[in-house]
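Report on the following structure.
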Amino acid sequence: MTEGSATVTMPETRSEEDRLLRRIWRVVALCRAVDERLWKLSRQGRSSFVLTARGHEVAQVASTAAMRLGVDSAWPYYRDMGVAFALGITPYELLLGSMGRAEDPHTGGRQLTMHLASPERKLGSISSVIADHIPHAVGAAYAAWVRREDSVALCWFGDGATSAGATHEAMNLAAARRLPVVFICENNGLAISVPLHLQTSLTSIADRAKGYTIPGVRVDGTDAIAVNDATREAVERARSGAGPSLIEAVVPRILAHSSQDDDAYRDQAELAAAQARDPLPRLERELIGRGVLTAQEARAEHERFDRMVLADADRAWSRPKPEGSRFNRWLFAGDEPHQAASDIGLGPLPGGVFDD
Amino acid sequence: MTEGSATVTMPETRSEEDRLLRRIWRVVALCRAVDERLWKLSRQGRSSFVLTARGHEVAQVASTAAMRLGVDSAWPYYRDMGVAFALGITPYELLLGSMGRAEDPHTGGRQLTMHLASPERKLGSISSVIADHIPHAVGAAYAAWVRREDSVALCWFGDGATSAGATHEAMNLAAARRLPVVFICENNGLAISVPLHLQTSLTSIADRAKGYTIPGVRVDGTDAIAVNDATREAVERARSGAGPSLIEAVVPRILAHSSQDDDAYRDQAELAAAQARDPLPRLERELIGRGVLTAQEARAEHERFDRMVLADADRAWSRPKPEGSRFNRWLFAGDEPHQAASDIGLGPLPGGVFDD
Amino acid sequence: MTEALVAAPPEGITMIEAVQQALIEEMRRDPSVVVMGEDVAIKGGVFRATKGLLEEFGDRRVLDTPIAEAVIAGAAIGAAMSGLRPVAEFQFADYIHPAYEQIVNQAATMRWRTVGNVGVPIVLRAPFGGGISGGIYHSQSVEALYCHVPGLKVVVPATPRDAKGLLKAAIRDDDPVLFFEHKKSYRRYRELVPDDEVLPIGKARLDREGDTVSVITYGVGVHHAREAAAALAEEGIEIEILDLRTLAPLDHDAIARTVGRTHRALIVHEANRTMGIGAEIAAFIADDLFMDLDAPVRRVCGQDSHLPYNAPEEQEIIPDPGRVAEAVRRLASY
Amino acid sequence: MTEALVAAPPEGITMIEAVQQALIEEMRRDPSVVVMGEDVAIKGGVFRATKGLLEEFGDRRVLDTPIAEAVIAGAAIGAAMSGLRPVAEFQFADYIHPAYEQIVNQAATMRWRTVGNVGVPIVLRAPFGGGISGGIYHSQSVEALYCHVPGLKVVVPATPRDAKGLLKAAIRDDDPVLFFEHKKSYRRYRELVPDDEVLPIGKARLDREGDTVSVITYGVGVHHAREAAAALAEEGIEIEILDLRTLAPLDHDAIARTVGRTHRALIVHEANRTMGIGAEIAAFIADDLFMDLDAPVRRVCGQDSHLPYNAPEEQEIIPDPGRVAEAVRRLASY
Ligand SMILES: Cc1ncc(C[n+]2csc(CCOP(=O)(O)OP(=O)(O)O)c2C)c(N)n1
Ligand SMILES: Cc1ncc(C[n+]2csc(CCOP(=O)(O)OP(=O)(O)O)c2C)c(N)n1
Ligand SMILES: [Mg+2]
Ligand SMILES: [Mg+2]
């Protein structure tokens, strides 16, 4: 794993906080551009499965901003587009995968949209199986504990994932051995159609932490500062050897679960309520209020991203599909390596959001 | 499931409490007689696998005493000899199984010692797999909830079992739907050689309940009244539709884990500490102090049980082994039924401890 | 509203409608039948298999569960031990594996280990199979993984009529039945299905009579074989198609009858070749029917790989009518 | 104290000592090798396979885990993705099933789904097999359940030398290896084992040359076959014994060589007959080696049942040298 970006220290001064919020906004805006493009690609039949992070982006990016890139490891789930871009993964890589292209450096077009994997960015491979990655994050934390390395594992999952046995076994082991891991639940109150009250008796997922005697904190997932502060505190606690924490970021799921879901189980009032909590306009209002950004600059950046993402989508669409005959390559060690992200013309590995 | 014994109501008067303690003591004494016989059978090679309840018996019997026999269902684990005898299962049945005899009404000599199963006593089949029976208990509670029957499911398990994903998934579902189930953890501080602090970060297993917003209570598992009160409260709560509770009964594991374990990982001090917390002498002192029992009566009952159990063991040993050729009978429905406990000469189904 | 659902449109019903009708009919017939799984109640199932059930039978008999496959299977087992007849849905067969412990160590052993005193009448249902660009976790064929463990029945219907008749039989069966429905067949075929028909578990169905090669298959393999048969008939090759329908227990007699007639056996299934159910069928033929064989026992199966999202690799892996026809030609000319 | 452990007694070491020595040697050689599982550290393993490891390597590299098989496998996978080489012990193979999801959906798919960028170098070790009155949950043979899923290697050593050499190879292998050690062979045989010998995964071993019947087997089947061979030799029947050692990937060439020599194949394994690995071997022979066959492909396996605690039923189920010899005689005279 390569050493990467500068550490993000506690923003003491107001201007540092401004800079952090500005950077978080940039990645969230990038997510939104890719989000909109993906739904269009789905309608055009260019991507047969789409699922995006709309409503979760600020919670994802603001929590990733508390990581030491290149030192700490990230274990996101399929909705974590914000984590991916905050780690320096580019829209082009994601689009290559979404269209099943051979040059997709993450899965060679073998997994669905957003099922990224990048050892360079210490991003553990995403699978569609709910909660399976949480024990992997604890395994990474165990590895750091064995080798006495100063590396913290962060992992993200939904409210539905908290019901899985794998989540419990991982949290219990991590707490028992005080392993350096941070559990971040993006609680959007839904697991496809199943509402929170049918998923669990908890009204706040953070309370689950009491069952493991580890800190559990509930934050408004659309409040970038609150998420960043809570994550930084949990990461430092893990780094200090005091063990894991659970953060519950309450977020809205603004759209359907995925392109395969009609969202018909939600009425207009629920959809409107989710839309009203969109974290992007809230963050923009905050930045404009702080004089860090003007409405015009915001719009310009959105349009720039839209153009960039469109170009990326067209470029990805033009790239070749995999040769059918290579289907069993990489089942076992020994085959020629596939292209890494770095060598398909993505330039020097962008250090992620936080050191432009 | 046949209707059975009278309900055990809250012991208002001192004499009722005395009667309850006397009955609990009787079953615990029976357990101890069978316990001692089993270890001898193991040394004689008459039973190749032995595992007993020594130290757990009062917690097991006192909690079972809070059930409505014939109405509520019991989901014990392999150490719950006290639950079995409190439900009316006889030592003879257990010994038939321990020696792999064909007439073992529970498993026909196919499972290890104590792996009982008795629809007549609403005792769910025990398997060696840790925690697998906890979802079954929740399934029984779900069945009662669907049919709006006034039946509560009680299930028992060890401290090690609390780490299993199955335990979490079962507790979360039961709490989410407020199913009528009571979770009873016999915390002896060990999972074979693994001490509690390596099993979980919890110092008290009862705190796990906070992660499911259900009541969790820790009691001294060697205090019959405390266990009985806590269980009765939890059973009534479940019966009222308010949902599950978790009871942690702290008990000593006085002997090795099983006949296959040398217990070498415990030093003399630990063994002595466990021995000192033996619940049987404590209960006898209590009864003698209350004038309910004299030392001579106690001794006489122990000797009576020893003779009875020895006779049962010899009788069981004399019974035939299964015919090898019937190995695949009862894989699927349709085969002639095996003998039920009631028809191998055990007389009318004893209603268990509580109505002699 | 549900009433209409059960009435079949003139040109017959699809497999997904067959599944839905079987569930409704059996829940109406027997109050102990319940349905549980993720998104089965409010949403009516991600494939609409349980559409209308919540409205007619209520939120206790039609249970939206947490995402917790071990307790979905485990609670179904406990409820079955307590007198219910649960039908548990796993949203995709790819997500049944967290329940593997409860299925192979509890459901499969319960009756045997209690000498017949405690049965587990449950159905574990799941959409399965590839060819829809679903990727590794929406394309798996898992049926073979349950045929090595005694005490389980494994059923894979190929047509709407078999889906309905066999699902009704599975729900009434007193033992655990795993029931896999191929996603690509859910809406692709319509068939007139008699009301209240219950079909036998454990019996194969002769889908097509022929004399040259016996194609022994199930699920989408039946449809591949039918397409191949049409092409081959024009070349004067009449294949016999045996639809196994049940993989555990295997219908050895039906296999013996067809191989006895054609003396050439070709086994077809989408699941991976190595240790697919085709291996057990070939092993049975190579032993018991050795004297009947005029040619090697061939298999046309999925390649030994995971199924990818991208189409080129997926099409290279999973069998199709062309490969079936090609294998028949080679076998016929052996 | 550990030093002595590694030095082999004059008449050789047992299989359990071979496992222990392999773990110690590989942990000394490579600091990234760690061992995790229930009772592996303080107790040294319920079969003493990890005796002495805690004292020499400390309580981080030798981890007593909670009773939680999904995170034992899952944390091993995550640690392997982070540069360690974990060896996870499942106390009995009967208790590996709660980890089935992590093994078949994560370990087996990781390298393929990341186009080779992310490997999972782990060993999942477990005592397995029956014949010791252990009952359903201390007697299971589970190896076949992992041979249908691409991306996994499955190794079953029959002798102390193979156990040590193949476990060392498994730990150094960059892909997931399931490693099953038969309990009845743990202490029953002693063998001189060369130091630091690493044996090839994927290669069978010719245990005995012969010309009449090829007995293709692994694990305790090798010992049954050796006993049968002694008796049969007196009747002038010289059987060839092929010890597969690795079940995935199968050594097809070695199978072809021996069947090519004897033209009669008998497959022996204790695991259940239906859908045991013998099915895939018989299917391979019935197809690729059809022309070599002078007789049906026979299998002597465990009956399709669970294994009971009582001896009479258990002995009826699991194969023994007598049944192997009987099958050889019938095959030889076919
Ligand atoms: C083990 C497993 N079971 C079922 C599914 C099907 N499934 C995919 S997403 C989903 C809902 C997940 O909800 P949550 O964890 O809250 O994440 P969200 O999508 O709401 O962010 C389900 C049930 C799966 N992927 N894995
Ligand atoms: C799933 C599973 N893993 C491992 C085992 C092996 N095993 C048998 S008993 C035991 C310890 C159980 O400890 P606990 O739950 O505390 O019960 P206790 O015996 O201490 O009462 C273990 C690990 C098992 N039976 N099941
Ligand atoms: Mg959610
Ligand atoms: Mg314990």
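Residue numbers (our numbering), protein chains in the order written: chain P, 1 to 356; chain H, 357 to 712; chain S, 713 to 1046; chain V, 1047 to 1380. We put the CB at the ideal spot given by N, CA and C, even for glycine. This one's a predicted model, so the numbers in the text were calculated from it and none came from an experiment.
| Query | Result |
| --- | --- |
| Under a Cβ-count criterion, where at least 16 other Cβ atoms within 10 Å of its own Cβ denotes burial, should Q400/H be classed as buried or exposed? | exposed |
| What are the residues in the segment 1145-1160 of chain V lying within 8 Å of chain P by C-beta distance? | E1147, Q1148, N1151, Q1152, T1155, M1156, R1157, W1158, R1159, T1160 |
| If you count every other CB in all the chains shown that lies within 10 Å of the CB of S897/S, and 16 or more means buried, which is it? | buried |
| Do A1126/V and V1065/V count as a contact pair if the criterion is CB distance below 8 Å? | no |
| Helix, strand or coil for I953/S, going by three-state DSSP, please let me know. | strand |
| Verify the CB distance criterion: does A1325/V have a CB-CB separation below 8 Å to chain A? | Reference to chain A is not applicable here, since the protein chains of this structure are P, H, S and V. |
| So with Cβ pairs under 8 Å, would you call F332/P a contact of chain V? | yes |
| For D1333/V, which residues in the same chain have their Cβ closer than 7 Å to its Cβ, ignoring the five residues on either side in sequence? | none |
| Below 8 Å on the Cβ atoms is my guess for R920/S versus R938/S; work out the distance and round it to an integer in Å. | 7 Å |
| Given that a residue counts as buried once 16 or more other Cβ atoms are within 10 Å of its Cβ, and exposed if not, what is G1267/V? | buried |
| Taking 8 Å as the CB-CB limit, is S853/S close to chain H? | no |
| According to DSSP, is M527/H helix, strand or coil? | helix |
| Quick check: does the Cβ of N1022/S come within less than 7 Å of any heavy atom belonging to ligand 3? | no |
| Using only alpha-carbon positions, find the residue among R1041/S, I844/S, M1003/S, A838/S that is nearest to E947/S. | R1041/S |
| Whole angstroms are fine: how far does the CA of M423/H sit from the CA of T363/H? | Legend: pLDDT at T363/H = 40, less than 50; position of this residue unreliable, value from coordinates given subsequently. Rounded to the nearest angstrom, the two C-alpha atoms are 8 Å apart. |
| Please list the residues of the segment 115-134 of chain P that have a C-beta atom closer than 7 Å to any C-beta atom in chain V, keeping them in chain order. | A117, P119, G124, S125, S127, V129, D132 |
| Is there a C-beta anywhere in chain P that falls below 8 Å from the one on A1122/V? | yes |
| Rounded C-beta distance between L510/H and R477/H? I'm assuming under 8 Å. | 13 Å between Cβ atoms; not a contact. |
| Chain P partners of G749/S, CB-CB under 7 Å? | Within 7 Å Cβ-Cβ: nothing; G749/S doesn't reach chain P, min ~10 Å. |
| To the nearest angstrom, how far is the alpha carbon of P1358/V from that of G680/H? | 4 Å |
| For L984/S and D1016/S, which I take to be in contact (beta-carbon distance under 8 Å), what is that distance rounded to the nearest angstrom? | Leu is not the amino acid found at residue 984/S; the sequence shown has Asn there. About 5 Å; that satisfies the 8 Å criterion. |
| In the segment 921-1001 of chain S, which residue ranges form an unbroken beta strand (DSSP E) of at least 3 residues, counting only runs that do not cross its ends? | 926-929, 952-955, 958-960, 977-984 |
| Could you please give the first and the last residue of the uninterrupted beta strand (DSSP E) stretch that includes M748/S? | 745-749 |
| Could you tell me which chain H residues have their CB closer than 9 Å to the CB of E248/P, listed as they occur along the chain? | In chain order: nothing, as chain H lies at least about 13 Å away. |
| For G1368/V, count neighbouring C-beta atoms within 10 Å of its own C-beta (all shown protein chains included) and say buried if the count is 16 or more, exposed if not. | exposed |
| With a threshold of 8 Å between beta-carbons, can V868/S be considered close to chain H, or not? | no |
| Who are the neighbours of S794/S on chain H, taking C-beta pairs under 8 Å? | S429, G495, A496, A499, A500 |
| List the residues of chain S that A1328/V touches, going by C-beta distances under 8 Å, in chain order. | A991, A994, A995, A998, D999 |
| Can you tell me which of the three DSSP states W395/H falls into? | helix |
| For I1062/V, which of helix, strand or coil comes out of DSSP? | helix |
| Give the residues whose C-beta lies closer than 6 Å to at least one heavy atom of ligand 4, in chain order. | G514/H, D515/H, G516/H, N544/H, L546/H, A547/H |
| Determine, using beta carbons only, whether A526/H comes closer than 8 Å to chain S. | yes |
| Kindly say whether R466/H, judged by its beta-carbon, lies nearer than 8 Å to any beta-carbon of chain S. | yes |
| State yes or no: is the C-beta of P491/H within less than 8 Å of the C-beta of E525/H? | yes |
| Quickly, what does DSSP pair L890/S with across the bridge? List them, please. | L836/S, V866/S |
| Are the C-beta atoms of E1359/V and some chain H residue less than 8 Å apart? | yes |
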